[in-house]
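Report on one structure; see the data block that follows.
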Amino acid sequence: MSTRTKIKGALMAAGVAASLGVADVSTARAEEVTLTMAVPDWPPTRVMKKFFDEQYKPKSGNTVKLDVDFIPWPDFYTRVNASLTSGEKKYNFIVSDSQWLGAFVEGGYYRKINDLLDADPDFKKTFMSVHENPRNAYSTYPYKSENYYGFPQFPDVLVNFARKDVLCDATEQKNFQAKYNKKLPCTGEEIDAMTWDDFKNIGEFFRRKKGEMLMGKPADDDFYGIAFQAGKGYDFSSMQINGFIWQMGGDVWDETKVPNGQAEGVVNSPVAVKALEKYLSMIDYMPPVAKTGTMDIFKSDELFREGKVAMNIDWIGVGEASLDPKTSKVVDKLVVGLAPGTPGPDGKLVRWSNIGGQPFVLTTWTTDAQIKEAVEFVKWWLSDDIQNQFAAAGGQSAVKSVYENPKYVTYRPWNRAWAASLDWQKDVWHVPQFFELLTQQQDQFDLAITGKQDAKTTLDNIAKFQQNLLTEAGLIQ
């Protein structure tokens, strides 16, 4: 072999070795990254997991797995709290309720995300394009500060699910007009214009016993006009009652006024008492289960889907089951509008409501590799294309470029009420003491709902408890 041939062969061999070396490095860099996530078990998180499994392709080239724990709503907080406080470090990604932020930030479990946003201007631009009410609710601690901890996963609001077959029936329309000298709301636009007095009238008007006439024929079962949250579990009654209090000009304890904001004199103000009395006055027109303290969001939705209620105020997050013939008798009868409001001094409806929905949060022990993949997933999730797909599958988006697009309202019956609702959303406490505040308040509200205690006593008890607890915590001076 000539010297020239030997040199050429050596160069080729070196080239092959170099090529193999590059391939080995590339292979070594590809990792398998698992994101272990705790989520509430309901349609918005099931859709998210489905989208991930079917569509998500990591830009990094890594193999990314999303290992999801689907936890029933009534057990969700206790399960996540037990995991975090036990030190097991099981979850690095959580779909958290906004109220948990303070407790789990102060506990050292939730990771601040400002640095992740600052490192990616385009991503930060998308994040800041989220409507300010859900962004503040899902991301900030202290509430409405610029300290961010969560990325929006599923934003949610309360809307009015109604049966157009019942409401638009000619006989019912005629009889309602005769009794109340007012048109029975039938279309989405007419439902949008409803006050709580209108809602109560519908409750009174449509309370029918089995065999009494409904839509011109004997009712197959007892029928009721209205339903909303009145459950002792988790936060169910509080989420509805807070809206009544805010709409009528009252307030809950306001953490943005720390340390000067008081509980006594605010939580139990005369206007707050009137608001709770108004809420309680409607329980009589609901299915009897409402008086047992078990009318949570799932029970009222179930009664509506079974065709036993004309109107139900509920979260969009449970709405998908109304469109499934396997789970709903009202699939072709659904009309959706804004939740009722309270006339303000100028005659316009005040619509304050307690926001629902949840953010994604990262835990503080999440590795750099997991953080990188989690952020890439969230960027993908908040992209216009995926947000539109999510909305078309029954979810919602608070990204303005998505929900302001005219096609957004075509995805689901409730989307027509979405954008108008966002401006009226407030949130309950984010402070670490939220669970103590919530459980005592829920217990007290349950006593009122079940008829064991009046509204004033209820709010007096809540205000006293909150004043003492928050003073001891240094949040009230």
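Residue numbers (mature numbering (1 follows the signal peptide of the UniProt record, and there is no 0)): -30 to -1, 1 to 447. Cβ atoms here follow ideal geometry from the backbone N, Cα and C, with glycine treated the same way.
Excluding sequence positions up to five before and after Trp322, its CB lies within less than 7 Å of the CB of Gly213, Trp216, Gln217, Trp394, Lys396, all in the same chain and listed in chain order.
By the 16-neighbour rule on beta-carbons within 10 angstroms, Gln447 is exposed. Tyr113 places its beta carbon less than 8 Å from that of Glu225. Along the region 124 to 203, the beta strand (DSSP E) occurs as fully enclosed runs of 3 or more residues at 128 to 133, 194 to 197, listed in sequence order. DSSP places Ala390 inside the alpha helix (DSSP H), whose first and last residues are 388 to 392.
Here Gly213 carries a helix assignment [DSSP, helix/strand/coil]. DSSP lists no beta-bridge partner residue for Pro258. When only Cα atoms are considered, Asn51 and Gly77 end up about 10 Å apart.
According to DSSP, residue pairing for Trp285 in a beta bridge involves Leu128. For Gln328, no alpha helix (DSSP H) segment is defined; the enclosing uninterrupted segment is the beta strand (DSSP E) at 326 to 332. The C-alpha of Gln147 lies about 17 Å from the C-alpha of Ala280. Here the alpha carbons of Val305 and Gly311 stand approximately 18 Å from one another.
Between the beta-carbon of Ala260 and that of Ile253 there is about 5 Å, and that keeps the pair under the 8 Å contact cut.
Per the C-alpha coordinates, the member of Met18, Asp67, Asp11, Lys29 positioned closest to Val3 is Lys29. The C-alpha of Trp223 lies about 14 Å from the C-alpha of Ala443. Secondary structure note for Val3: its beta strand (DSSP E) is the uninterrupted segment 2 to 10. The distance from the Cβ of Val75 to that of Tyr119 is about 6 Å, consistent with a contact at the 8 Å cut-off. DSSP places Thr96 in the uninterrupted alpha helix (DSSP H) bounded by 91 to 98. In this model, Ile325 and Met209 are separated by some 8 Å (Cα to Cα). For the pair Val301 and Pro295, the CB atoms are nearer than the 8 Å cut-off. DSSP places Asp224 outside both helix and strand once states are collapsed to three, so it counts as coil.
Cβ contact annotation for Thr165 (same chain, cutoff 8 Å, sequence separation greater than five): Pro310, Gly311, Thr312, Pro313, Leu319, in chain order. Apart from the 5 residues on each side of it in sequence, Asp37 sits with its Cβ closer than 6 Å to the Cβ of Thr4, Thr6 in its chain, given in chain order. Of Phe21, Phe330, Lys303, the smallest CA-CA separation from Trp70 is found for Phe330. Comparing alpha-carbon positions, the option among Gly421, Gln403, Asp354, Ile196 lying closest to Leu137 turns out to be Ile196.
By the Cβ test, the region 148 to 157 is not in contact with the region 397 to 415, since fewer than three Cβ pairs between them sit closer than 8 Å. Taking the Cα positions, Glu343 is about 7 Å away from Val34. Asp271 carries a helical assignment under DSSP once its states are collapsed to helix, strand and coil. For Val348, the enclosing alpha helix (DSSP H) begins and ends at 338 to 351. For Ile419, the closest of Phe193, Thr337, Ser391, Gly263 by C-alpha to C-alpha distance is Gly263.
In this structure, Ala200 and Met265 form a Cβ contact; the two beta carbons are roughly 4 Å apart against a cut-off of 8 Å. Taking Lys153 as the centre and dropping the five residues before and after it, the same chain places the C-beta of Gln143, Phe146, Gln147, Glu160 closer than 8 Å to its C-beta, in chain order. C-alpha of Gly364 to C-alpha of Tyr381: approximately 8 Å in a straight line. DSSP places Gln366 outside both helix and strand once states are collapsed to three, so it counts as coil. Taking every protein chain shown into account, the CB of Ala(-1) has fewer than 16 other CB atoms within 10 angstroms, so this residue is exposed. Residue pairing by DSSP puts Ile41 in a beta bridge opposite Pro10.
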